[in-house]
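Heads up, the thing below is written out as structure tokens.
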Amino acid sequence: MLCSAEQWIFILNDDIIKSKILLYMVMESCFVLDSQLKLHVPQYRDLWYRQQLLNDAATMDYNKGYDLDFRGYHKDSGCIDFPEEQWKNWYDWFIGQEPERFYAYITRSHDGKFIGEVNIHKSDTALWHEMGIILDAKFRGQGYAVEALKLLLEYAFVNLNIDAVHNSFEVNRTAAVRTHLAAGFKEYNKENDNIELLITREQYFSK
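According to the working numbering, the stretch in the sequence shown is residues 143 to 349, in order.
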């Protein structure tokens with residue numbers, strides 16, 4: 143599909159970030175990008191999958207062994223209860239609350255299968271959005287995590303117009319560190335056994 147000449151005109155006194163955003167959006171409208179994955183905002187009836195994901199010991203193994211003081215967390219497995227009576231409050235809080243919060247399932251493009259989840263939410267203490275990703279254990283090691291993170295960053299910076307995305311976790315989770323770096327994050331801070339990773343709006347559009 144060819145673009146009209148008008149689509150390529152930029153206002154010259156716009157800052158470079160706005161110009162790059164416009165160019166990016168024009169390119170997106172002209173070409174269909176080949177992607178293995180899509181982000182899908184779930185319908186209420188789809189929350190069975192989140193319940194299943196959080197209750198899968200192999201998937202939640204990374205989350206076990208912590209002294210987390212909230213109801214439904216199982217220290218021995220890392221699993222988190224998500225009973226149906228909690229669905230409505232959770233759904234109303236997370237879904238349709240952009241740009242404060244965004245949540246989506248990771249789905250495979252060719253069959254629509256749910257394979258994980260991603261989310262971002264505005265920090266209460268910093269000028270960035272915190273993020274999270276859980277990939278179903280059955281689909282790890284196939285490059286899906288990097289692509290899912292890239293899709294989340296694209297949505298965050300292009301659609302939600304946010305300033306920065308941040309994540310932090312134990313430095314010994316080397317696969318997670320590599321995944322974030324491959325998606326474009328930079329090391330922001332490292333203290334004790336924890337690493338912080340950050341990507342700003344400027345960094346995203348300068349790549």
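Don't be surprised by glycine CBs; every beta carbon is placed ideally from N, CA and C. Treat the numbers as computed from the prediction; the structure is a model and nothing was measured.
Residue i burial status per 10 Å Cβ neighbour count (16 or more: buried)
i      : result
Thr316 : exposed
Ile337 : buried
Asn231 : exposed
Asn309 : buried
Val183 : exposed
Glu329 : exposed
Ala200 : exposed
Ala268 : exposed
Glu242 : exposed
Phe89  : Because the chain here runs from 143 to 349, residue 89 falls outside it and cannot be looked at.
Gly254 : exposed
Phe173 : At Phe173 the pLDDT is 29, less than 50, meaning the model places this residue with poor confidence and gives no usable figure here.
Reference residue i; option with closest CA among the options
i      : options                           : result
Trp270 : Asp253, Ala318, Ile276 and Asn303 : Asn303
Tyr346 : Val319, Leu291 and Ser177         : Leu291
Ser251 : Ser177, Asn197, Tyr245 and Leu293 : Ser177
Gln194 : Phe244, Leu277, Gly207 and Leu293 : Leu277
Tyr204 : Ala279, Phe244, Glu333 and Gln185 : Ala279
Val319 : Glu344, Leu340 and Asp218         : Leu340
Whole-Å CB distance - residue i paired with residue j, under 8 Å assumed
i      : j      : result
Ala246 : Leu181 : 4 Å
Phe256 : Tyr191 : 5 Å
Gly220 : Met202 : 4 Å
- Please list the segments of the alpha helix (DSSP H) lying wholly inside the stretch 276-320, counting only runs of 4 or more residues, in order along the chain. 286-296
- Query: Okay, do the stretch 219-230 and the stretch 274-290 touch, 3+ Cβ pairs below 8 Å being the bar?
  - Reply: no
- Task: Scan the stretch 178-234 and note each continuous beta strand (DSSP E) run of 3 residues or more that stays entirely inside, going in chain order.
- Result: 179-182
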